[in-house]
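The sequence shown begins at 1 in UniProt numbering and counts up one residue at a time.
Here's the structure we're looking at; comments come further down.
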Amino acid sequence: QSIGCDDYLGSDKVIDKCGICGGDNTACKVVSGVFKHTLTNLGYHKIVEIPEGATKINITEMSKSNNYLALRSRSGRSIINGNWAIDRPGRYEGGGTMFTYKRPNEISSTAGESFLADGPTNEVLDVYMIHQQPNPGIHYEYIIPGDNVISPQLLAHRRPGEPLNGQLELPESTNHEDEDLHRETDTLTGQSAGTFPVIQPGRFPSHHPENQVPAGQPLRQNREHNWKQIGKTECTTTCGKGSQYPVFHCVNRVTHEEVPENYCDSSTKPIPEEEACNLFPCPAFWDIGEWSECSKTCGLGMQHRQILCRQMYANRTLTVQQYRCQHLEKPETTSTCQLKICSEWQIRTEWTSCSVPCGVGQRTRDVKCVSNLGDIVDDEECNMKLRPNDIENCDMGPCAKSWFLTEWSDRCSAECGDGVRTRSVVCMTNHVSSLPLEGCGNNRPSETTPCNNGPCAGKVEWFAGGWTQCSTECGSGTQQREVVCVQKTEGTFDVLNPYECSYLEKPPSQQSCYLKPCGSKWFHTDWSTCSKSCEGGFRVREVRCLSDDMTASTQCDPQLKPEEKEPCNTQDCIPEIDENCKDKYYNCNVVVQARLCVYTYYKTACCASCTRVANRQPGFLGRR
1 QSIGCDDYLG SDKVIDKCGI CGGDNTACKV VSGVFKHTLT NLGYHKIVEI
51 PEGATKINIT EMSKSNNYLA LRSRSGRSII NGNWAIDRPG RYEGGGTMFT
101 YKRPNEISST AGESFLADGP TNEVLDVYMI HQQPNPGIHY EYIIPGDNVI
151 SPQLLAHRRP GEPLNGQLEL PESTNHEDED LHRETDTLTG QSAGTFPVIQ
201 PGRFPSHHPE NQVPAGQPLR QNREHNWKQI GKTECTTTCG KGSQYPVFHC
251 VNRVTHEEVP ENYCDSSTKP IPEEEACNLF PCPAFWDIGE WSECSKTCGL
301 GMQHRQILCR QMYANRTLTV QQYRCQHLEK PETTSTCQLK ICSEWQIRTE
351 WTSCSVPCGV GQRTRDVKCV SNLGDIVDDE ECNMKLRPND IENCDMGPCA
401 KSWFLTEWSD RCSAECGDGV RTRSVVCMTN HVSSLPLEGC GNNRPSETTP
451 CNNGPCAGKV EWFAGGWTQC STECGSGTQQ REVVCVQKTE GTFDVLNPYE
501 CSYLEKPPSQ QSCYLKPCGS KWFHTDWSTC SKSCEGGFRV REVRCLSDDM
551 TASTQCDPQL KPEEKEPCNT QDCIPEIDEN CKDKYYNCNV VVQARLCVYT
601 YYKTACCASC TRVANRQPGF LGRR
């Protein structure tokens, strides 16, 4: 027979949703609703208040989102997801009960977060939502006792027959025989129906069965009764090799009816021996490891965990091939996570005035990265991809323009005879608003004016001829021209000694020239010093492919690339014999092996050996 919630055999009473044994669900009140408010500001928003004494608490997000649920006591103590820190799913104590925080895997599930607790709570709790995106709706439900209702806590812990609020309450169908049966049941170890409970030492039923021998009568320990195995204890495990023991009771030899144990000789009672049971292996299961730390300190990141297929046998858990767990859905190994909400960009000032009164200029504004607490933090705390512009172009419309002139040059272009003087003329924006807006117009002022420094008779000067052809057909080359000292007379020129023109600046007789690009070519540096002075070393140089503008290029022919490394100093080394550097002892090889050459005494006593080993060390150049 089954045991009801009132601890009586054969009772069909069950606990109703109010927590009342045998109740009809009318002793409590179910409070439920959906929070669907539209929120605009980021951060914590209160959803619902859970009163003291609430049970069967269920707070569930109606669909997956980037929002988070949070729980805090009325005293201000954070229970789950407080102080801008996101906790991992698990069990958290608060308000006198245990809350289960679930966050279904965002990859494979569309379900939202939830808080579940059996209650009852011993203080008022507040549920919040950390708002980051549109609210999908939060469903909340809990049960509170009705008026004049006995506390479920009191009923859950009261034994039948115990006084309730000072009154002794017994069910209407209860009689003394039921009480005795109940107390006898209490003496058992609480094993489920169908097992063989063992009576604890020193505790016996409070009433005397008819077949029990009264106290003071001699025990009938004779051959009419003996010990009989009537079953076995329950196996310690349901699979994977457990253990169990045989159970022996005293029975009548003829009728095989059970009698009290004092009818049999206790000295002949068999000693139960352990027996193996349920030898078949347990089903494989997924062993889920802890989540790693979130890959980002704020905002949406990733976290990982290890998933192993394991199987238990003989109280040992072994890692097995994953195909043994193929009957189970494999948990996700990665998940999104968010430890806190990242800081956000804020525009602190309006745009400044344009930098120019007309035409195209620039204007600026102040953009700062601000934390959730309102503090200005480094820009790296915010998403740089979402940063608002803090500078932009501005067009103030067309500007008036005018001709701007320099003064005439002081020198005439010719030292004698007719020449010209020059000045610069440019059309520029004029910020004087009274000027017309149509521009400078076509009436450009002259840039030259005639001048004359007198006749040139007897004047000495340098005369330059025409340039020769460029020395190369492509790339950079040179070209020359003839420069002579001449004296101008009436209609003719006389060539003079260059000394006569030495007080004058001589025009260049050579200049660089460039006809067309040659394309990319290989360039190299000089060879480095050889790495060794004898017995074969190597030297290196750097080789680069450069274009005409001397920038790195990949257009050179690889087959024409000069060598970057070559051997050098391949001749044998000739040892230099130093008469003053000899070994004074025959066993100087021991000194070398013991690495004693670093000491002055051994370096002198075993000079030749220490010198040889020093020359063999890597990094020593110039071996002889």
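Built from N, CA and C at the ideal position, the CB exists for glycine as well.
Owing to the predicted nature of the structure, the values given are computational and were not obtained by experimental measurement.
Exercise. To the nearest angstrom, how far is it from the Cα of E407 to the Cα of C416?
Worked result: The residue you call residue 407 lines up with position 407 of the sequence shown. The residue you call residue 416 lines up with position 416 of the sequence shown. Computed Cα separation, rounded: 22 angstroms.
Problem set entry | Strand pairing of G231, partner residues [DSSP] | Looking up residue 231 in the sequence shown gives position 231. For G231, which the question treats as bridged, DSSP gives the partners V247.
For this session: Please determine, among D126, V420, W462, the residue with the shortest C-alpha to C-alpha distance to E49.
Result: By 1-based counting over the sequence shown, the position of residue 49 is 49. Of the candidates D126, V420, W462, the one whose C-alpha sits nearest the C-alpha of E49 is D126.
Exercise. What are the start and end residues of each continuous beta strand (DSSP E) run of 3 or more residues lying completely inside the region 238 to 311, in chain order?
Worked result: 242 to 244, 246 to 252, 275 to 277, 285 to 288, 301 to 304
Problem set entry | Buried or exposed (CB count within 10 angstroms, at least 16 for buried), Y514 | Sequence index remark: in the sequence shown, residue 514 carries index 514 (1-based). Exposed, because fewer than 16 other Cβ atoms sit within 10 Å of the Cβ of Y514.
For this session: Give the secondary structure of E49 by DSSP, where H, G and I count as helix, E and B as strand, and everything else as coil.
Result: Position 49 of the sequence shown, counting from 1, holds the residue named residue 49. Of the three classes helix, strand and coil, the one that applies to E49 here is strand, per DSSP.
For this session: Would you list the residues sitting across from D126 in a DSSP beta bridge?
Result: Sequence index remark: in the sequence shown, residue 126 carries index 126 (1-based). D126 is bridged to E49, R72.
Problem set entry | Per-residue burial, G10 [other beta carbons within 10 Å of its own, 16 or more giving buried] | Residue numbering aside, residue 10 sits at position 10 when the sequence shown is read from its first letter. With fewer than 16 Cβ atoms within 10 Å of its Cβ, G10 is classed as exposed.
Exercise. Around the Cβ of S114, are there at least 16 other Cβ atoms within 10 angstroms (buried) or fewer (exposed)?
Worked result: Reading the sequence shown from its first residue, position 114 is the one you call residue 114. S114 should be labelled buried.
Exercise. Which value, in whole angstroms, describes the spacing of the CA atoms of S446 and G458?
Worked result: Along the sequence shown, read from residue 1 onward, the residue named residue 446 stands at position 446. Along the sequence shown, read from residue 1 onward, the residue named residue 458 stands at position 458. About 33 angstroms.
Exercise. If you draw a straight line from the C-alpha of V486 to the C-alpha of T472, how long is it?
Worked result: On the sequence shown, residue 486 is found 486 positions in, with the first residue counted as 1. On the sequence shown, residue 472 is found 472 positions in, with the first residue counted as 1. Near 32 angstroms, if we compare the C-alpha coordinates of T472 and V486.
Problem set entry | Alpha-carbon spacing of I86 relative to V30, whole angstroms | Within the sequence shown, residue 86 is the residue found at index 86, counting from 1. Within the sequence shown, residue 30 is the residue found at index 30, counting from 1. The straight-line gap from Cα to Cα measures roughly 30 angstroms.
Problem set entry | Simplified DSSP state of T449, which is helix, strand or coil | The sequence position of residue 449 within the sequence shown is 449, counting from 1. Of the three classes helix, strand and coil, the one that applies to T449 here is strand, per DSSP.
For this session: Report, in whole angstroms, the separation of the C-beta atoms of V420 and W403, which I expect to be a contact under 8 angstroms.
Result: As a first step, residue 420 must be located in the sequence shown, where it is residue number 420. As a first step, residue 403 must be located in the sequence shown, where it is residue number 403. In fact, because the Cβ distance is near 20 angstroms, the residues do not count as touching under 8 angstroms.
Exercise. Based on the DSSP secondary-structure assignment, which residues constitute the bridge partners of Y142?
Worked result: Locating residue 142 in the sequence shown gives position 142, where the first residue counts as 1. DSSP lists V31 as partners of Y142.
Problem set entry | K241 burial status per 10 Å Cβ neighbour count (16 or more: buried) | Looking up residue 241 in the sequence shown gives position 241. Buried.
Problem set entry | Validate contact between the region 542 to 562 and the region 497 to 508 using beta carbons, cut 8 angstroms, 3 pairs | no
Exercise. Whole-angstrom Cβ separation of C294 and Q303, contact assumed at under 8 angstroms?
Worked result: Taking the first residue of the sequence shown as 1, we reach residue 294 at position 294. Taking the first residue of the sequence shown as 1, we reach residue 303 at position 303. Contact flag correct, Cβ pair sits at about 5 angstroms.
For this session: Return yes when the Cβ of F538 is within less than 8 angstroms of the Cβ of K582, no when it is not.
Result: Looking up residue 582 in the sequence shown gives position 582. Looking up residue 538 in the sequence shown gives position 538. For K582 and F538, no; Cβs fall outside 8 angstroms.
Exercise. For L496, which beta-bridge partners are listed by DSSP?
Worked result: Your numbering for residue 496 matches position 496 in the sequence shown. Bridge partners of L496: C485.
For this session: May I ask you to report which of helix, strand or coil DSSP gives S371?
Result: Walking along the sequence shown from the start, residue 371 turns up at place 371. Coil, per DSSP.
For this session: Look at the Cβ atom of N67, then the Cβ atom of I130, and state whether they are nearer than 8 angstroms.
Result: To locate residue 67, count along the sequence shown from 1; it is residue 67. To locate residue 130, count along the sequence shown from 1; it is residue 130. Result yes, Cβ atoms of N67 and I130 sit closer than 8 angstroms.
Problem set entry | Span of the beta strand (DSSP E), counted from its first residue to its last, around V540 | As a working note, residue 540 is residue 540 in the sequence shown. Here the beta strand (DSSP E) through V540 covers 537 to 540.
Exercise. Skipping 5 residues on each side, what residues in its chain have a beta carbon closer than 8 angstroms to that of V259?
Worked result: Start at 1 with the first residue of the sequence shown, and residue 259 comes out as number 259. Excluding residues within five positions, the ones whose Cβ falls inside 8 angstroms are N211, H225, C250, V251, N252.
Exercise. What residues in its chain sit with their C-beta under 7 angstroms from that of R423, if we drop five residues either side in the sequence?
Worked result: One-based indexing of the sequence shown puts residue 423 at position 423. Contacts found: L405, T406, E407, W408, S409, E447.
Exercise. Can the beta-carbon of R387 be found less than 8 angstroms from the beta-carbon of D366?
Worked result: Counting from one through the sequence shown, the residue named residue 387 turns up at place 387. Counting from one through the sequence shown, the residue named residue 366 turns up at place 366. Against a cut-off of 8 angstroms, the Cβ pair of D366 and R387 comes out as no contact.
For this session: Just the C-alpha distance for W351 and M396, rounded to the nearest angstrom, thanks.
Result: Counting from one through the sequence shown, the residue named residue 351 turns up at place 351. Counting from one through the sequence shown, the residue named residue 396 turns up at place 396. Rounded to the nearest angstrom, the two C-alpha atoms are 14 angstroms apart.
For this session: At 3 residues or longer, and completely inside the region 495 to 527: list those beta strand (DSSP E) runs for me, N to C.
Result: 510 to 514, 521 to 524
Exercise. Alpha carbon to alpha carbon, what distance is there between I341 and C298?
Worked result: Counting from 1 along the sequence shown, the entry for residue 298 is found at position 298. Counting from 1 along the sequence shown, the entry for residue 341 is found at position 341. In a straight line, the C-alpha of C298 is about 6 angstroms away from that of I341.
Exercise. Should the region 312 to 322 be called in touch with the region 268 to 284, which here means at least 3 C-beta pairs below 8 angstroms?
Worked result: yes
Problem set entry | Span separating the alpha-carbon of Q311 from that of G289 | Residue 311 sits at position 311 when you count from the first residue of the sequence shown. Residue 289 sits at position 289 when you count from the first residue of the sequence shown. The straight-line gap from Cα to Cα measures roughly 15 angstroms.
Exercise. Is the region 89 to 97 in contact with the region 13 to 29, if contact means three or more CB pairs nearer than 8 angstroms?
Worked result: no
Exercise. Which stretch, first to last residue, makes up the beta strand (DSSP E) that contains R544?
Worked result: The count along the sequence shown starts at 1 and reaches residue 544 at position 544. Its beta strand (DSSP E) spans residues 543 to 546.
For this session: Using DSSP bridges, identify the partner residues of E93.
Result: As a working note, residue 93 is residue 93 in the sequence shown. Paired residues: M98.
Exercise. Can you name, in chain order, every residue of its own chain whose Cβ lies under 8 angstroms from the Cβ of Q480, other than the five neighbours on each side?
Worked result: By 1-based counting over the sequence shown, the position of residue 480 is 480. The residues are W467, T468, S509, Q510.
Exercise. Considering K603, what are the terminal residues of the alpha helix (DSSP H) in which it resides?
Worked result: Along the sequence shown, one-based indexing puts residue 603 at 603. Looking at the DSSP string, the run of the alpha helix (DSSP H) that includes K603 is 600 to 605.
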